[in-house]
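Under our numbering, think of the first position of the sequence shown as 29, with each following residue one higher. This report refers to the structure that appears directly beneath it.
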Amino acid sequence: MQPEHDRDCEALKCWCDWGKDRSATFFQSIEWAETIAAHFPGYSPAPLRIGNCLIPLMRFHRWGWLSDSLYGLPFMTPGGILCGSEPSLADWESCFEALNNLQIGSLAVVFPFGTEIPETLMGSIELHATHVIDLQEGWDSAWKHYTQKGRTSTRKAENLGVEVVQSKQADSLKEHWKIIQSCEEIWKPDPKPTLEFIQDLLKLAAARLYLAMFEGEVKASVLAFFHTREVFFWQGARKSEGCPHGIVNLLYTRVLQDACRESIPYANLGGSLGMEDLVRFKESFGARAFPVPIFKRKHSLLKMIGRGPARRSS
């Protein structure tokens, strides 16, 4: 058996290589993990190599063992499993066995949408949802799948003179940050992003910031990550006042058009936290809900602590 340090180095190298060639989403890349680690104390890449597979994890250090957590990856972004070739049932079983045997307080691994986990292992899985737009047939087809309301709202914003620009300039980032801060309490991200973190994310080739302008003022913005398989709408919002009808529809439309030009097959709009208005907004683009498998585990000792002392029956 290799020394632990050597195994860790080998797993990190594997993550660097496979994250470029075999990833299903930007969030499986080492760049995402390294940017998080650079800005949030306590987080560090902790990939797990299991035979033909690699599980891209990050460890959140507290005081060790039961107080620590493993995420795949933070911000509930998809980590899942990277494989050298199509995983067999034995590969899946080995990965799940390794996850179950980890000596850690808590563990959460979010799999990309479309991940087909063997039925025999689904007992360990919670199913959440994300909304996805199919772009495989190009922009004309995607536009036809908008609802009538979605098309009308988009055209209205265009007719009102809303302009969408893409920018990584410092002033653009500041405008985006102001808008995002105004709705932090709705999303309650953990850990809470910082301006410096977003600034460094924008240095990555995959990151693109789009801003919707009306009468010379930024009214809405979205930070998206472009990947060969999907464009992920990661962080977006609009101002609460002074926004013309359909401004976010037009903003998202411009991102989708760029994705189609680059032959990206899917657009991932993320989860909706049970907000029906947000679900309807996503459906106006023709988005459909897809299951997102999540593997969660809490150490049995933590469960006992959480239950506390048994109550006496009266």
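Ideal placement from N, C-alpha and C gives every residue a C-beta, glycine not left out. Computed from a predicted structure; not experimentally measured.
Sub-9 Å separation of Ala352 and His159 beta-carbons: Nothing in the structure corresponds to residue 352, since the chain is present only between 29 and 342.
CB of Pro146 within 9 Å of CB of Glu186, strictly: no
From Asp218, Gly133 and Val276, residue whose alpha carbon lies closest to that of Trp91: Gly133
Residue(s) in a DSSP beta bridge with Ile208: Looking at the DSSP assignment, Ile208 forms no beta bridge with any residue, so it has no partner.
Inter-residue CB distance, Tyr238 and Val246 (contact presumed, cutoff 8 Å): Actually they do not touch by this definition, with Cβ atoms about 10 Å apart.
Beta-ladder partner(s) of Tyr71, from DSSP: Phe88
Touch test, the segment 218 to 234 against the segment 73 to 85, Cβ-Cβ under 8 Å, three pairs minimum: no
Close beta carbons around Thr222, own chain, < 8 Å, minus the five adjacent residues each side: His67
Collapsed DSSP secondary structure at Val320 in the structure displayed: strand
Local Cβ density within 10 Å of Asn296, reported as buried at 16 or more and exposed below that: buried
Supposed contact pair Gly108 and Phe318 - C-beta distance, whole angstroms, cut 8 Å: Not a contact, Cβ separation roughly 14 Å.
Status (buried if at least 16 other CB within 10 Å, exposed otherwise) for Asp119: buried
8 Å Cβ shell around His33 - same chain, five flanking residues per side excluded: Confidence in His33 is poor, its pLDDT being 49 and thus under 50, which makes the residue's placement unreliable; the coordinate value appears in the next sentence. So no residue of the chain qualifies.
Proximity of Thr53 and Arg179 at Cβ, strictly below 9 Å: no
Continuous beta strand (DSSP E) assignments of at least 3 residues falling wholly in the segment 251 to 320: 258 to 266 and 294 to 296
Reference Thr241, options Cys44, Gly189, Phe323 and Trp46, closest by Cα: According to the sequence displayed, residue 241 carries Met and not Thr. Residue Gly189 is the option with its Cα nearest to Met241.
Sheet register partners of Ile109 (DSSP bridge): Ile109 pairs with nothing; no bridge assigned.
Buried versus exposed, by CB contacts within 10 Å (16 or more), Leu284: buried
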